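Written below as structure tokens is the structure these notes are about.
Numbering (UniProt numbering), first residue to last: 1 to 522.
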């Protein structure tokens, strides 16, 4: 067989350029084989080659720009066997890389290409047969070779044997590359999933995956927490149906059915109320999803669920605020109109009327400043408000004379939140009295008293509001206006108190019973 030394004539400088090629070195680095520990798959290939070819030495040699590294070897002398690498001054394999072709050497001592190579002296390399090893992208990584310590004429059959085994090594390298690539993809997918999970958690958004064919639903952990369903519940779909508000269940069923209709858009988008199974608390949910179909049959509905209770409550507060503003403006005109009439009846000159009216409007403005936080949801800015100063400020616009309004009770300190809520109640009572009750008549009188008392072992504030001398009261009103509803809601729900009203012919009498701890803590 003709020796390869007669056909390989690449110079050393050209070796360096080829060996240092950026693309080849990047491909070599990507394999993660350089400086890696021995592995049986590569060692087995070396043992097989040396057994079939009858050589003492076999190598899987990977070549970078400075050295050759032996991923697998057999038969090398120490200390090279332990070091598993040599500089390029001892490398025949570099020529396989630069030529990207098999290299056969009959007697290295007589071969111009390698006769000065230090592997002859230090490693006893005389005859050499090597074939290139390629990366999955085609870049040559190194050489798979067999070495003899005496001259040898290599046959075509031996070259074919070495080439076939080398193909197996390349397959192993490709599989490793795929494993590394898949691991990288899996790591990236896991990282992306974690980022997505954190984003959903931060936004308090849960996800679901529903199979219409099996009626099985898969939820993420966030959705279990949002909906209040135990993670070990057997039938999530049934749990969903049972927790939806009765007034919204039919709407939800219709929306799901529409999203699973192959003639529709496949979109699921609904806002509904639920009762959390774990606490019974009513919450608003916004569910959005998209169905997919195969051959006109719905096979999947995936989407997200978000708790929108806070948004719904905010919208309701805005609606209530708008209603309250409208109510306040109407009341303000009614109160001002009543004050003008009352002031006119009790004034002797226009100047007297202007002076009295100006003072009452200013007092009304001061009272409005006290109840403004209750309307807007803000905290009172005053450092200390007592029940006496609060009541006096709110009733000041209606004090026509020394005995028209009487106040009696201890100077109980109020927390800002408590003062705001109580101011709102007292303002409503005063407005109603000025519009319809004792404060709308020249001879009307209002008596307001308060005291602390015991109620089944709990200390409470008993607040009495008594009117007489106004228009006769025929009976309790059959319908409640916004102001009356606001008073009841504030006293009963917010203050955790009780409101009792006695509609006597001489005038209405209201009794407010409020827990003392609410006055202190708000």
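Glycine residues also receive a C-beta, built at the ideal position from the N, C-alpha and C atoms.
The structure presented is a predicted model; accordingly, all values stated were derived computationally and were not measured.
Let me confirm a value: residue 282 is counted as buried when at least 16 other C-beta atoms fall within 10 Å, else exposed. Which label applies? The residue labelled residue 282 in the question sits at position 282 within the chain shown. Per the 10 Å Cβ criterion, exposed.
Beta strand (DSSP E) runs wholly inside the segment 390-443, at least 3 long, in chain order: For the segment 390-443, the full-length beta strand (DSSP E) segments reaching 3 residues or more read 405-408 along the chain.
Coil, strand or helix - residue 502 by DSSP: In the chain shown, counting from the first residue as 1, residue 502 sits at position 502. In the three-state scheme derived from DSSP, where H, G and I count as helix and E and B as strand, residue 502 is classed as strand.
Using DSSP with H/G/I as helix, E/B as strand and the rest coil, what is residue 36? Position 36 of the chain shown, counting from 1, holds the residue named residue 36. Residue 36 carries a coil assignment under DSSP once its states are collapsed to helix, strand and coil.
Under the DSSP definition of a beta bridge, which residues are partnered with residue 287? Here residue 287 corresponds to residue number 287 of the chain shown, with the count starting at 1. Bridge partners of residue 287: 270 and 305.
Taking buried to mean at least 16 other C-beta atoms within 10 Å of its own C-beta, is residue 132 buried or exposed? Residue numbering aside, residue 132 sits at position 132 when the chain shown is read from its first letter. So residue 132 ends up on the buried side.
Just to check my reading of the structure: residue 511 and residue 462 have Cβ atoms closer than 8 Å, yes? What is that Cβ distance to the nearest angstrom? Taking the first residue of the chain shown as 1, we reach residue 511 at position 511. Taking the first residue of the chain shown as 1, we reach residue 462 at position 462. Contact between residue 511 and residue 462 holds: CB atoms are separated by about 7 Å, below the 8 Å threshold.
Cα-Cα separation, residue 301 to residue 259: The residue labelled residue 301 in the question sits at position 301 within the chain shown. The residue labelled residue 259 in the question sits at position 259 within the chain shown. Rounded to the nearest whole angstrom, the C-alpha separation of residue 301 and residue 259 is 8 Å.
Which value, in whole angstroms, describes the spacing of the CA atoms of residue 353 and residue 340? Along the chain shown, read from residue 1 onward, the residue named residue 353 stands at position 353. Along the chain shown, read from residue 1 onward, the residue named residue 340 stands at position 340. If you take the alpha carbons of residue 353 and residue 340, they lie about 8 Å apart.
Have a look at the DSSP bridge pairing and note the partners of residue 454. As a first step, residue 454 must be located in the chain shown, where it is residue number 454. Looking at the DSSP output, residue 454 sits in a beta bridge with 459.
Along the chain, which unbroken stretches of the beta strand (DSSP E) at least 3 residues long are found entirely within the segment 190-267? You should have 205-211 and 216-219.
In the DSSP assignment, find the unbroken beta strand (DSSP E) run with residue 67 in it and report its ends. Within the chain shown, residue 67 is the residue found at index 67, counting from 1. Where residue 67 is concerned, the enclosing beta strand (DSSP E) stretches over 67-74.
Report back the beta-carbon spacing between residue 123 and residue 77 to the nearest angstrom; my notes put them in contact at under 8 Å. Translated into the one-based positions of the chain shown, residue 123 becomes position 123. Translated into the one-based positions of the chain shown, residue 77 becomes position 77. Going by Cβ atoms, the distance from residue 123 to residue 77 rounds to 7 Å, so yes, they are a contact pair.
Which of the three DSSP states, helix, strand or coil, is assigned to residue 177? The residue you call residue 177 lines up with position 177 of the chain shown. Looking at residue 177 - three-state DSSP - the assignment turns out to be helix.
When DSSP labels each residue in this structure, what does residue 135 get in the three-state scheme? In the chain shown, residue 135 corresponds to position 135, counting from 1. Of the three classes helix, strand and coil, the one that applies to residue 135 here is coil, per DSSP.
Between which two residues does the beta strand (DSSP E) carrying residue 510 extend? Taking the first residue of the chain shown as 1, we reach residue 510 at position 510. 507-515 is the span of the beta strand (DSSP E), which, as asked, contains residue 510.
Using 8 Å as the cut-off, can you tell me whether the segment 224-240 makes contact with the segment 262-272, which would need three or more C-beta pairs spanning the two stretches below that distance? Counting Cβ pairs under 8 Å, fewer than three are found: no touch.
Drop a sphere of 10 angstroms on the beta-carbon of residue 15, count the other beta-carbons inside from all chains shown, and report buried for 16 or more, exposed for fewer. As a working note, residue 15 is residue 15 in the chain shown. Low confidence applies to residue 15: its pLDDT is 45, below 50, so where it sits in the model is not reliable enough to give any reading.
Beta-carbon proximity list for residue 149, same chain, < 7 Å, skipping 5 on both sides: Translated into positions along the chain shown, residue 149 becomes position 149. Here the set comprises 56, 124 and 126.
Under the three-state DSSP convention, the category residue 477 falls into: Here residue 477 refers to the residue found at position 477 when the chain shown is read from its first residue. In the three-state reduction of the DSSP assignment, residue 477 falls in the coil class.
In this structure, does DSSP put residue 380 in helix, strand or coil? For the purposes of this step, residue 380 is taken as the residue at position 380 of the chain shown. Because residue 380 carries a pLDDT of 46, less than 50, the predicted location of this residue cannot be relied on, and no value is offered for it.
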